[in-house]
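Asker: Plus 96 on top of the position in the sequence shown (first one is 1) and you've got the numbering used here.
Where a beta carbon is used, it is the ideal one built from N, C-alpha and C, also for glycine.
All values reported here derive from a predicted model rather than from experimental measurement.
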Amino acid sequence: VGRQWHRFITRAADGPAQAEPVSLESMQRSIGLMFRAGGGAQSARIAPAGTTRVGGQRTLLQRMAGSGTHAVLGQWHSDVLALPPHIAVFAQAERNRQLYLWLAALAAHLQASHDWLGEHLRATQAALHTFPGLRPSYAALCAEQLAQRPALERLSARAAAAERAVQAALRGETGPGLNVQPSDVAPLWLWLTLPAPIVVSATAAPSKAGKEAAEQAFPFLFTALCITRKTGCICFIYRIKQCPLVNAIK
Numbered sequence: 097v098g099r100q101w102h103r104f105i106t107r108a109a110d111g112p113a114q115a116e117p118v119s120l121e122s123m124q125r126s127i128g129l130m131f132r133a134g135g136g137a138q139s140a141r142i143a144p145a146g147t148t149r150v151g152g153q154r155t156l157l158q159r160m161a162g163s164g165t166h167a168v169l170g171q172w173h174s175d176v177l178a179l180p181p182h183i184a185v186f187a188q189a190e191r192n193r194q195l196y197l198w199l200a201a202l203a204a205h206l207q208a209s210h211d212w213l214g215e216h217l218r219a220t221q222a223a224l225h226t227f228p229g230l231r232p233s234y235a236a237l238c239a240e241q242l243a244q245r246p247a248l249e250r251l252s253a254r255a256a257a258a259e260r261a262v263q264a265a266l267r268g269e270t271g272p273g274l275n276v277q278p279s280d281v282a283p284l285w286l287w288l289t290l291p292a293p294i295v296v297s298a299t300a301a302p303s304k305a306g307k308e309a310a311e312q313a314f315p316f317l318f319t320a321l322c323i324t325r326k327t328g329c330i331c332f333i334y335r336i337k338q339c340p341l342v343n344a345i346k
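Now the structure itself:
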């Protein structure tokens, strides 16, 4: 009985199925062509996406079913473009096919970034510059996506600020530089999730002059450090004991 109830309440929370779904499998070749024509990496794989945590206001039925916290959004990585196995965001199948192609064109221009909103604004303009023929379909996708967005007056102040920034971006407007992430707003189907950029920290190597000064000041100690790299810590301890500086302290 419990399983049947959960199945029933989950289906009710998802709402009536009125959209015409399109599968990733049926679009795989077209997506690959669009992605690589836009400059996407030749070695990148196109694969089904998993679930991503999302925000947005949940209905009473969704809270009862424990749903509405995750969605299968497109996900961009440098070596993988992961897209939903099926897209049924819009009522018309043609619009859902256009969404697949738009995500491929967009992904070809994305870069890893902490600024999810700002990076999508930049990549959107770059994609439309590369593929000007996508402008009519992109405008239609934005109009339908905006019609699906939650009403600002029904959100908390923080959620409303994030949603307002997203809606402005879909209209091509630039607002205040808010740090908006996918988990802050309801699912945004026209964008992808991004990994954070990898920060490589390196310790600066000492200059040649610095090495010479150290060797002149502490010849025995410097010799010990050099030998340690070759022979290990036992030799290091032995050389340190021979250092006149250490002996003077004793």
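Grab me the residues of L248's own chain with a C-beta within less than 7 Å of its C-beta, minus the 5 sequence neighbours each way, in chain order.
Answerer: A256, E259, R260
Asker: Tell me the rounded alpha-carbon separation between Q171 and R218.
Answerer: Spanning the two alpha carbons is a distance of roughly 17 Å.
Asker: How many angstroms separate the CA atom of V92 from the CA atom of D211?
Answerer: No information on residue 92 is available, as it lies outside the stretch 97 to 346 that the chain covers here.
Asker: Which whole-angstrom value is the C-beta distance of R37 and A236, which I expect to be below 8 Å?
Answerer: Because the chain in this structure spans residues 97 to 346, residue 37 falls outside the shown range and cannot be described.
Asker: For R141, which residues does DSSP report across the bridge?
Answerer: Residue pairing for R141: DSSP places it in a beta bridge opposite V176.
Asker: Alpha carbon to alpha carbon, how far is P228 from E240? Give it in angstroms, no decimals.
Answerer: 20 Å
Asker: Considering only DSSP beta bridges, list what Q244 is partnered with.
Answerer: Q244 is not bridged to any residue.
Asker: Please list, in chain order, all residues of the same chain as G128 whose beta carbon is under 8 Å from its beta carbon, the five residues on each side excluded.
Answerer: I142, A200
Asker: Could you work out which residue in V118, A282, L266, G146 is closest to G214 when comparing CA atoms only?
Answerer: L266
Asker: Keeping to the same chain, check which residues put their C-beta closer than 7 Å to that of H173; ignore five residues upstream and five downstream.
Answerer: P291
Asker: Cα separation between R245 and P180?
Answerer: Whole-angstrom Cα-Cα distance: 19 Å.
Asker: With 16 other CB atoms within 10 Å as the buried threshold, where does R231 fall?
Answerer: exposed
Asker: Locate the alpha helix (DSSP H) running through S209, then write down its first and last residues.
Answerer: In the DSSP annotation of this structure, S209 is not part of any alpha helix (DSSP H), being labelled neither H nor E.
Asker: Quick one, which of A282, V118, F131, P293 has its alpha-carbon nearest A203's?
Answerer: Ranking the options by Cα distance to A203, first place goes to F131.
Asker: To which residues does DSSP link Q171 through a beta bridge?
Answerer: A178, T289
Asker: Is the beta carbon of D175 sitting closer than 8 Å to the one on A140?
Answerer: Yes, these two residues count as a Cβ contact at 8 Å.
Asker: Is it buried or exposed, Q188, if we count other Cβ atoms within 10 angstroms and call 16 or more buried?
Answerer: exposed
Asker: For E116, name the three-state secondary structure that DSSP assigns.
Answerer: coil
Asker: Following the continuous alpha helix (DSSP H) through L197, name the residue where it begins and the one where it ends.
Answerer: 189 to 203
Asker: Can you give me the C-alpha to C-alpha distance between E116 and W285, rounded to a whole angstrom?
Answerer: 16 Å
Asker: If we ignore side chains and look at the alpha-carbon of each, how far apart do T148 and Q194 end up?
Answerer: 22 Å
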